[in-house]
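Engineer:
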Amino acid sequence: NNAITSFETALNYCHYQPHALVSLAQCYKESGEIKKSHEYLEKALEINPDDNMIYIEFGRLYLEKYNDPETALMYYHKSEEKGHRDDPWMYNEMSMAYEKSGNHEKAREYLYKAKALIDDGFGDQWVRKHIEERLLKYQ
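Under this note's numbering, the very last position in the sequence shown is 422; numbers go up by exactly one each time.
Here it is in structure tokens:
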């Protein structure tokens with residue numbers, strides 16, 4: 284709740300900057316207030332419809348809280364269309380969404396995309412370890 288209060292106060296001063304709205308949406312998501320999280324992501328998207336991070340956060344919300352992998356994938360692909368193609372964790376999340384929807388071939392494909400990015404220097408050791416552990420299922 285302290286984080287939520289802090290972000291709401293900050294928004295009074297920065298006049299609804301999209302990244303502040305996304306951060307507030309993340310706080311609401313983690314506290315279980317899914318409707319409020321969704322509302323703040325919508326506001327962020329209205330302000331900046333070209334911001335990749337907003338689409339990624341919508342994807343996470345639908346994957347993690349609504350248990351709706353198809354809608355999550357729609358948002359992840361929208362981020363990808365807008366040029367966000369260097370985030371191994373996003374591809375990992377896309378893989379999880381495909382896995383949840385039963386499309387294991389696509390899940391594997393996106394895990395390998397994530398792994399290729401890690402091999403090219405994107406991501407950190409924790410992300411590498413997580414993706415490599417998930418890849419073991421597909422070998």
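Note that beta-carbon positions come from the ideal geometry of N, C-alpha and C, so glycine has one too.
Expressed to the nearest angstrom, what Euclidean distance is found between the alpha-carbon atoms of K318 and C310?
Structural biologist: Numbered from 1 along the sequence shown, position 35 holds the residue referred to as residue 318. Numbered from 1 along the sequence shown, position 27 holds the residue referred to as residue 310. Straight-line Cα distance between these residues: approximately 12 Å.
Engineer: Do A303 and S320 come within 8 Å of each other at the CB atom, strictly closer than that value?
Structural biologist: For the purposes of this step, residue 320 is taken as the residue at position 37 of the sequence shown. For the purposes of this step, residue 303 is taken as the residue at position 20 of the sequence shown. Cβ atoms of S320 and A303: not closer than 8 Å.
Engineer: Ordered along the chain, which non-local residues of its own chain (more than five positions away) have a Cβ less than 6 Å from that of A380?
Structural biologist: The count along the sequence shown starts at 1 and reaches residue 380 at position 97. Closer than 6 Å at the Cβ level, and outside the excluded window around A380, lie L346, P352, A355 and L356.
Engineer: Just mark S314 as buried or exposed, buried being the case when its beta carbon has 16 or more other beta carbons within 10 Å.
Structural biologist: As a position in the sequence shown, residue 314 is number 31, starting the count at 1. Exposed: under 16 other Cβ atoms inside 10 Å.
Engineer: Which same chain residues, not among the five before or five after K312, have their C-beta less than 7 Å away from its C-beta?
Structural biologist: Within the sequence shown, numbered from 1, the residue matching residue 312 stands at position 29. Excluding residues within five positions, the ones whose Cβ falls inside 7 Å are S320, L344 and K348.
Engineer: So, helix, strand or coil for F341, using DSSP?
Structural biologist: Taking the first residue of the sequence shown as position 1, residue 341 is located at position 58. Looking at F341 - three-state DSSP - the assignment turns out to be helix.
Engineer: Whole-angstrom Cβ separation of P371 and L400, contact assumed at under 8 Å?
Structural biologist: To locate residue 371, count along the sequence shown from 1; it is residue 88. To locate residue 400, count along the sequence shown from 1; it is residue 117. Confirmed, about 4 Å.
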